[in-house]
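As you go down the protein sequences, you meet chains R and V in turn. Mapping the first sequence onto the numbering used here, position 1 (from 1) lands on 1, and the numbers just tick up by one. Mapping the second sequence onto the numbering used here, position 74 (from 1) lands on 74, and the numbers just tick up by one. C-beta: ideal position from N, C-alpha, C; glycine also.
Protein chains: 2
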Amino acid sequence: MTEYLEIKPLSKEAFAPFGDVIETDPAKMRLINNGTTERYHALAEPVVIGEPVRLIFNIFRSQPRLFPYEIGMMERHPYASQSFTPLSGRLFLVAVSDDEEGRPGKPQVFLLGPHQGVNYFPNVWHHPLMALGAVSDFLVVDRDDPAANYEEYFFPSPYLIAEPKP
Amino acid sequence: MTEYLEIKPLSKEAFAPFGDVIETDPAKMRLINNGTTERYHALAEPVVIGEPVRLIFNIFRSQPRLFPYEIGMMERHPYASQSFTPLSGRLFLVAVSDDEEGRPGKPQVFLLGPHQGVNYFPNVWHHPLMALGAVSDFLVVDRDDPAANYEEYFFPSPYLIAEPKP
């Protein structure tokens, strides 16, 4: 029988093994520009390993998922971090897994607020972006040459996610 | 007499000497994730020169400017690019200058749509972020250690900007 996954709100602590959370963390605030701007400093760090040592900015425009949604595969990028920051002010879902001898374990699913982003560490198993409700744009910072920086794994039996209640 | 600056809409061509525009350029689109996502690929590239070779993600939360607004100074970051991507879906202004023997020339002012960002090349003179209408958040990718990566110049006579008409 197919297993439904719990959806948890995103917190920095819960996400720490997988990446950084990009949000206005009061502990990281400093005033700049004569006090007109709050700079939330160094919330995350883009990382690239190996050739080409080139990070790029991209925009991902994603169709919303339909529910119940089936998580059948996970992917990872061995040579770079990958960040997702919402540009459309909409909630979205991420799913991540611990690595278990080269394969993703059971996914953990997090609901992100419209003002939270994430930066996956290199080589962290994750599901492709899951937009909710409407077409949504995300700023993505990752390494160029995505095809050479990509592994995927298909679960023998997919997991399911019910529609999240905001 | 103080000079008013013209406000132009942002275009890739007009901005080319100063940096890249981060927007959903149809020429850079490829479908990914089984066709559920449009990836607008490699719209810009974060660049860092010198130590610390470390790029960081930040959020800038900016007060809106009041008009007529006085442009009295410009700044530049010799050792890294700096990107601004709007997270609040609001218009904003950028001002940039050619370098004239180590000083900024007369600024050019661009009005950005709510879905356009920019990535200044290293060492490009620009005015600090000018949010419009309400407090606005921006994702900023730049180099760590901002104080050591900073030059500023104060104009003997400031320029003025009238309130932009969207």
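Note to self: Between R:M73, R:G102 and R:D99, which has its C-alpha nearest R:P158's C-alpha?
What the structure shows: When only C-alpha atoms are compared, the closest one is R:M73.
_Let me confirm a value: R:R90 is counted as buried when at least 16 other C-beta atoms fall within 10 Å, else exposed. Which label applies?_
Burial is judged here by how many other beta carbons sit within 10 angstroms of a residue's own beta carbon; R:R90 has at least 16 and is buried.
- Message: Output needed for R:N123: all residues of its chain with C-beta closer than 6 Å, excluding positions within five of it in sequence on either side, in chain order.
- Response: Excluding sequence neighbours, R:N123 sits near R76 and P78.
| task | Just tell me which of R:F15, R:E100, R:G35 and R:F67 has its CA closest to the CA of R:K165. | result | Of the candidates R:F15, R:E100, R:G35 and R:F67, the one whose C-alpha sits nearest the C-alpha of R:K165 is R:F67.
Contact set between R:L66 and chain V, taken where Cβ atoms lie within less than 7 Å: Within 7 Å Cβ-Cβ: nothing; R:L66 doesn't reach chain V, min ~10 Å.
### Task
Grab the span of the beta strand (DSSP E) containing V:A134 for me, first residue to last.
Boundaries for V:A134: no beta strand (DSSP E) harbours it, and the DSSP string shows neither H nor E there.
Is it true that the CB of R:V96 sits closer than 8 Å to the CB of R:P114? No, the Cβ-Cβ distance between R:P114 and R:V96 is not below 8 Å.
- Query: Which stretch, first to last residue, makes up the alpha helix (DSSP H) that contains R:E51?
  - Reply: Counting along the chain, R:E51 falls outside any alpha helix (DSSP H), and DSSP gives it neither H nor E.
*Run of the alpha helix (DSSP H) containing V:F15, from where it starts to where it stops*: Residues K12 to F15.
| said: Beta-carbon within less than 8 Å of V:L31's beta-carbon, same chain only, minus the 5 sequence neighbours each way: which residues are those? | reply: Answer for V:L31: T37, E38 and R39, listed in chain order.
Count the other CB atoms within 10 Å of the CB of R:M130; is the residue buried (16 or more) or exposed (fewer)? The Cβ neighbour count for R:M130, taken over all protein chains shown within 10 Å, is at least 16; the residue is labelled buried.
>> Output needed in chain order: residues of the region 21 to 53 of chain R with a Cβ under 7 Å from some Cβ in chain A.
In response: Of the protein chains in the structure, R and V, none is chain A.
Q) Is the beta carbon of V:R61 less than 8 Å from the beta carbon of V:V135? A) For the 8 Å CB-CB criterion, V:R61 and V:V135 form a contact.
*When the Cα of R:D25 is compared with those of R:D144, R:Y153 and R:Q116, which residue comes out closest?*
Distances from the CA of R:D25 to each of R:D144, R:Y153 and R:Q116 were compared; the closest alpha carbon is that of R:Q116.
| message | Quick check on R:S83: buried or exposed, where buried means 16 or more other Cβ atoms within 10 Å of its Cβ? | response | Here R:S83 is buried: its Cβ has 16 or more other Cβ atoms, across all protein chains shown, within 10 Å.
**Prompt:** Is there a Cβ from chain V that is less than 8 Å from the Cβ of R:I56?
**Reply:** Yes, because at least one Cβ of chain V sits closer than 8 Å to the Cβ of R:I56.
Query raised in the report: Do you know whose CA, among R:F138, R:A44, R:P86 and R:F110, lies nearest V:N141's CA?
Result: According to the sequence displayed, residue 141 of chain V carries Val and not Asn. When only C-alpha atoms are compared, the closest one is R:A44.
- [ ] Please report the residue range of the beta strand (DSSP E) in which R:P128 lies.
- [x] No residue range can be given for R:P128, since it is assigned to no beta strand (DSSP E) and is classified by DSSP as neither H nor E.
In chain order, what are the residue ranges of uninterrupted beta strand (DSSP E) at least 3 long that sit wholly in the region 25 to 102 of chain R? The region 25 to 102 of chain R contains, as complete beta strand (DSSP E) runs of 3+ residues, the segments 29 to 32, 37 to 44, 55 to 62, 69 to 76, 82 to 86 and 92 to 97 (chain order).
Exercise. Ignore the nearest five residues each way along the sequence and tell me which others in R:R54's own chain have a CB closer than 6 Å to its CB.
Key: Excluding sequence neighbours, R:R54 sits near D144.
Problem set entry | Distance between beta carbons of R:Y120 and R:H126, contact taken as under 8 Å | R:H126 to R:Y120, Cβ: 6 Å. Contact.
- Query: Taking 8 Å as the CB-CB limit, is R:D99 close to chain V?
  - Reply: No, its Cβ sits nowhere closer than 8 Å to a Cβ of chain V.
Quiz item: So V:K8 is in the beta strand (DSSP E); what residue range does that whole segment cover?
Solution: Segment I7 to P9, the beta strand (DSSP E) holding V:K8.
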